[in-house]
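Colleague:
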DNA sequence: ACCTGAACACCGTTCAAGT
DNA sequence: ACCTGAACACCGTTCAAGT
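Chains as they are written, first to last, in the UniProt record's numbering: chain U, 1 to 218; chain X, 1 to 218.
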């Protein structure tokens, strides 16, 4: 009685770093940060657990690469030839929209300053600041400030965007948040903030911050 | 032959939420985010695994409570009676120093906008903006912008601060980061940014951003 | 060289049993 | 009511064995 091997047949199409990164983005978009597990990934790619370690260093590396993919697409969409102020606003909006579509990127950007996606954003900003004639340490201060503002906003909006699959859910979330705030601290200043929280527009508020910043550097 | 129970004797001094939060802060300060595990915590508190769940909802709740403890201490140190602009600068510095001493807080702040520590910072800022005569949606835009800037900076500096236990280590880290950047992208604008990165001062750069912001809202 | 999948060394959380 | 610690259902990563 011959016994066939229990081992699964070998996959035919080769794995690659890019294929793995794309699968990771699909998992992250579908289920958030917790959706990216080596087990889910290898099952989706029909491969063994250890296989991905031939192409990526580990889960941290994979998350950074996935975020960089998203940010690359966003920064490349910015038009050349416009004036630097408009370019900074366009760039900011492109990043905002990318984060809105992929909320997990917001959390990831705040995690590690060394990562490629962060360098990409820094560089895009620095180029425009150069266009505004800002140089030396003034440029690096302004660039760092704008980048930090974007990263901070990204992280804050990410939590909201995760729940904004539909408008009702988003409103529920904001109402609950506003109520939790006033419940915890019923100061007038908190009530004001909570009431603005209930009906604010993330995108508009984000751009208001960009404009405060632009006014501050000119 | 009588057999004594293998069970450990019951602890005498009662657990409390505050005792657990304090132990968590000690673990986080000593070993960073990865140092806070239920096992490490219950071993330090000489108690059983499940005991902490009588006082905290879980690890996420505990992290948020620990961050709030640190931020409370920082915001309470801000003096009354000074003019709002000085108060915002003092508040920012107090938060910066708290994050520098407890780098894990920077990462935690970026994780969840609903948490107490975030509300605390929002409120401290809003009070001062009110003092500057900024009201309505202008206040909530300015407050959100400043808070986002602080959260973004916090996360960026956290990664550096974790390595800055001594000056040589910090310089090594910055040099490696600057080299990695220019290696990846040898554009002039990146070389400039990398050279400023090598010898920048986190605290000064953070305050430069606060000042850009203050200029932008007045 | 690349892939497979079992094994390893961890996690957070739950819960029956004790005091 | 509070605590204990085993059990459960997961993780990421490594590595001998296969192709």
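Cβ atoms here follow ideal geometry from the backbone N, Cα and C, with glycine treated the same way.
Where do the N-terminal and C-terminal ends of the alpha helix (DSSP H) with residue 37 of chain X fall, by residue?
Modeller: Looking up residue 37 of chain X in the second chain gives position 37. Premise fails: residue 37 of chain X is in no alpha helix (DSSP H) and is neither H nor E.
Colleague: Exposed or buried, what is residue 18 of chain X when buried is set at 16 or more other beta-carbons lying within 10 Å of its beta-carbon?
Modeller: Taking the first residue of the second chain as 1, we reach residue 18 of chain X at position 18. Classification for residue 18 of chain X: exposed.
Colleague: For the alpha helix (DSSP H) that residue 26 of chain X lies in, which residues bound it at each end?
Modeller: Here the question's residue 26 of chain X lines up with position 26 in the second chain. First-last of the alpha helix (DSSP H) with residue 26 of chain X: 17-31.
Colleague: For residue 6 of chain X, which of helix, strand or coil comes out of DSSP?
Modeller: If you number the second chain from 1, residue 6 of chain X lands on position 6. Its pLDDT being 47, under 50, residue 6 of chain X is placed unreliably by the model, and nothing is read from it.
Colleague: Secondary structure at residue 1 of chain U, three-state DSSP: helix, strand or coil?
Modeller: In the first chain, counting from the first residue as 1, residue 1 of chain U sits at position 1. Note on residue 1 of chain U: pLDDT 40, under 50, position unreliable in the model; the coordinate value appears next. Residue 1 of chain U: coil per DSSP, three-state reduction.
Colleague: Can you tell me whether DSSP reads residue 195 of chain U as helix, strand or coil?
Modeller: Counting from one through the first chain, the residue named residue 195 of chain U turns up at place 195. If DSSP states are grouped into helix, strand and coil, residue 195 of chain U belongs with the helices.
Colleague: According to the neighbour-count rule (16 or more other Cβ atoms, all chains shown, within 10 Å of its Cβ), is residue 214 of chain X buried or exposed?
Modeller: One-based indexing of the second chain puts residue 214 of chain X at position 214. Looking at its Cβ environment, which holds 16 or more other Cβ atoms inside 10 Å, residue 214 of chain X is buried.
Colleague: Less than 6 Å between C-beta atoms, sequence neighbours within five positions excluded: which residues of the same chain meet that for residue 5 of chain U?
Modeller: Within the first chain, residue 5 of chain U is the residue found at index 5, counting from 1. Per-residue confidence for residue 5 of chain U stands at a pLDDT of 39, beneath the threshold of 50, marking its modelled position as unreliable; no derived number is given.
Colleague: On the premise that residue 148 of chain U lies in contact with residue 149 of chain X, defined as a C-beta separation below 8 Å, what is that separation, rounded to the nearest angstrom?
Modeller: Along the second chain, one-based indexing puts residue 149 of chain X at 149. Along the first chain, one-based indexing puts residue 148 of chain U at 148. With a Cβ gap of about 6 Å, residue 149 of chain X and residue 148 of chain U count as contacting.
Colleague: Using a Cβ-Cβ cut-off of 8 Å (strictly less than) and excluding sequence neighbours within five positions of residue 134 of chain X, which residues of its own chain qualify?
Modeller: If you number the second chain from 1, residue 134 of chain X lands on position 134. Same-chain partners within the cutoff: 142, 217.
Colleague: Quick one: what does DSSP say residue 205 of chain X is sitting in, helix, strand or coil?
Modeller: Position 205 of the second chain, counted from the start, is the residue given in the question as residue 205 of chain X. If DSSP states are grouped into helix, strand and coil, residue 205 of chain X belongs with the helices.
Colleague: Quick check on the DSSP output: the alpha helix (DSSP H) that includes residue 149 of chain U runs from which residue to which?
Modeller: Taking the first chain and counting its residues from 1, the one referred to as residue 149 of chain U is at position 149. Run containing residue 149 of chain U: 136-162, per the alpha helix (DSSP H) assignment.
Colleague: Buried or exposed: where does residue 110 of chain X fall if 16 or more other Cβ atoms within 10 Å of its Cβ makes it buried?
Modeller: The residue you call residue 110 of chain X lines up with position 110 of the second chain. Buried is the call here.
Colleague: Does the Cβ of residue 108 of chain X have 16 or more other Cβ atoms within 10 Å, making it buried, or fewer, making it exposed?
Modeller: By one-based count along the second chain, residue 108 of chain X stands at place 108. Residue 108 of chain X is buried by the Cβ-count criterion.
Colleague: So with CB distances below 9 Å, who are the chain X contacts of residue 113 of chain U?
Modeller: What you label residue 113 of chain U is simply residue 113 of the first chain in a count that begins at 1. Per Cβ cutoff of 9 Å: 155, 156, 157, 158, 159, 160, 177.
Colleague: Can you tell me the Cα-Cα spacing of residue 59 of chain X and residue 67 of chain U, whole angstroms?
Modeller: Within the second chain, numbered from 1, the residue matching residue 59 of chain X stands at position 59. Within the first chain, numbered from 1, the residue matching residue 67 of chain U stands at position 67. Each residue's alpha carbon lies about 26 Å from the other.
Colleague: Taking residue 212 of chain X as the reference, which of U/180, U/145, U/151, U/166 has the closest Cα?
Modeller: For the purposes of this step, residue 212 of chain X is taken as the residue at position 212 of the second chain. It is U/145 whose Cα lies nearest to the Cα of residue 212 of chain X.
Colleague: Would you say residue 186 of chain X reaches chain U, if we count a Cβ-Cβ gap shorter than 8 Å as a contact?
Modeller: Taking the first residue of the second chain as 1, we reach residue 186 of chain X at position 186. No, its Cβ sits nowhere closer than 8 Å to a Cβ of chain U.
Colleague: Residue 72 of chain U to residue 16 of chain U, Cα distance in whole Å?
Modeller: As a working note, residue 72 of chain U is residue 72 in the first chain. As a working note, residue 16 of chain U is residue 16 in the first chain. Going by the C-alpha atoms only, they are around 19 Å apart.
Colleague: Please classify residue 101 of chain X as buried or exposed, where buried requires at least 16 neighbouring CB atoms within 10 angstroms.
Modeller: Position 101 of the second chain, counted from the start, is the residue given in the question as residue 101 of chain X. By the neighbour-count rule (16 or more Cβ atoms within 10 Å), residue 101 of chain X is not buried but exposed.
Colleague: Output the distance between the C-alpha atoms of residue 94 of chain U and residue 193 of chain U, rounded to the nearest integer angstrom.
Modeller: On the first chain, position 94 is the one that residue 94 of chain U refers to. On the first chain, position 193 is the one that residue 193 of chain U refers to. One C-alpha to the other measures close to 27 Å.
Colleague: State yes or no: is the beta carbon of residue 119 of chain U nearer than 8 Å to at least one beta carbon in chain X?
Modeller: In the first chain, residue 119 of chain U corresponds to position 119, counting from 1. Taking Cβ atoms only, chain X reaches closer than 8 Å to residue 119 of chain U, which makes this a yes.
Colleague: Just checking: is the beta-carbon of residue 2 of chain U within a distance shorter than 8 Å of some beta-carbon in chain X?
Modeller: Translated into positions along the first chain, residue 2 of chain U becomes position 2. In this prediction, residue 2 of chain U scores a pLDDT of 37, lower than 50, which makes its location untrustworthy; the coordinate-derived value is nonetheless stated afterwards. False, the Cβ-Cβ gap to chain X never drops below 8 Å.
Colleague: Quick check: is the beta carbon of residue 105 of chain U nearer than 8 Å to any beta carbon in chain X?
Modeller: Numbered from 1 along the first chain, position 105 holds the residue referred to as residue 105 of chain U. Not closer than 8 Å to any Cβ of chain X, the Cβ of residue 105 of chain U fails to qualify, so no.
Colleague: Using 8 Å as the Cβ pair cut-off and three pairs as the minimum, do the stretch 110-128 of chain X and the stretch 80-97 of chain X touch?
Modeller: Output reads yes: the stretch 80-97 of chain X touches the stretch 110-128 of chain X.
Colleague: From the beta carbon of residue 141 of chain X, is the nearest beta carbon of chain U less than 8 Å away?
Modeller: Counting from 1 along the second chain, the entry for residue 141 of chain X is found at position 141. Chain U contact via Cβ: present.
Colleague: Can residue 64 of chain U and residue 116 of chain U be called in contact, C-beta distance under 8 Å?
Modeller: As a working mapping, residue 64 of chain U is identified with position 64 in the first chain. As a working mapping, residue 116 of chain U is identified with position 116 in the first chain. Yes. Within cutoff.
Colleague: Leaving out the 5 sequence neighbours to the left and right, which residues in its chain are closer than 8 Å to residue 118 of chain U when beta-carbon positions are compared?
Modeller: Within the first chain, the letter at position 118 stands for residue 118 of chain U. These residues qualify, in order along the chain: 109, 112, 147, 151.
Colleague: Put residue 130 of chain X into one of helix, strand or coil per three-state DSSP.
Modeller: Locating residue 130 of chain X in the second chain gives position 130, where the first residue counts as 1. Looking at residue 130 of chain X - three-state DSSP - the assignment turns out to be helix.
Colleague: Please work out which residues of its chain come closer than 8 Å, Cβ to Cβ, to residue 49 of chain U, disregarding the five sequence neighbours upstream and downstream, and give them in chain order.
Modeller: Here the question's residue 49 of chain U lines up with position 49 in the first chain. Taken in chain order, the residues that qualify are 38, 39, 42.
Colleague: Flag residue 144 of chain U as yes if its beta-carbon sits less than 8 Å from any beta-carbon of chain X, otherwise no.
Modeller: As a first step, residue 144 of chain U is located in the first chain; it is residue number 144 there, counting from the start. Yes, its Cβ sits closer than 8 Å to a Cβ of chain X.
Colleague: Determine the closest residue to residue 162 of chain X out of X/21, X/25, X/29, with distance taken between C-alpha atoms.
Modeller: Position 162 of the second chain, counted from the start, is the residue given in the question as residue 162 of chain X. Here the closest residue by C-alpha is X/29.
Colleague: Against chain X, with Cβ distances strictly below 8 Å, would residue 189 of chain U count as a contact?
Modeller: By 1-based counting over the first chain, the position of residue 189 of chain U is 189. True, the Cβ-Cβ gap to chain X drops below 8 Å.
Colleague: Give the residues of chain X in contact with residue 169 of chain U, contact being defined as C-beta atoms less than 9 Å apart.
Modeller: The residue labelled residue 169 of chain U in the question sits at position 169 within the first chain. Within chain X, no residue comes near residue 169 of chain U; the closest Cβ sits about 15 Å away, beyond 9 Å.
Colleague: Give me the Cα-Cα distance between residue 160 of chain U and residue 61 of chain X, rounded to the nearest whole angstrom.
Modeller: By 1-based counting over the first chain, the position of residue 160 of chain U is 160. By 1-based counting over the second chain, the position of residue 61 of chain X is 61. If you take the alpha carbons of residue 160 of chain U and residue 61 of chain X, they lie about 18 Å apart.
Colleague: Report yes if the CB atom of residue 121 of chain U is closer than 8 Å to the CB atom of residue 75 of chain U, and no otherwise.
Modeller: Start at 1 with the first residue of the first chain, and residue 121 of chain U comes out as number 121. Start at 1 with the first residue of the first chain, and residue 75 of chain U comes out as number 75. Contact flag set, yes.
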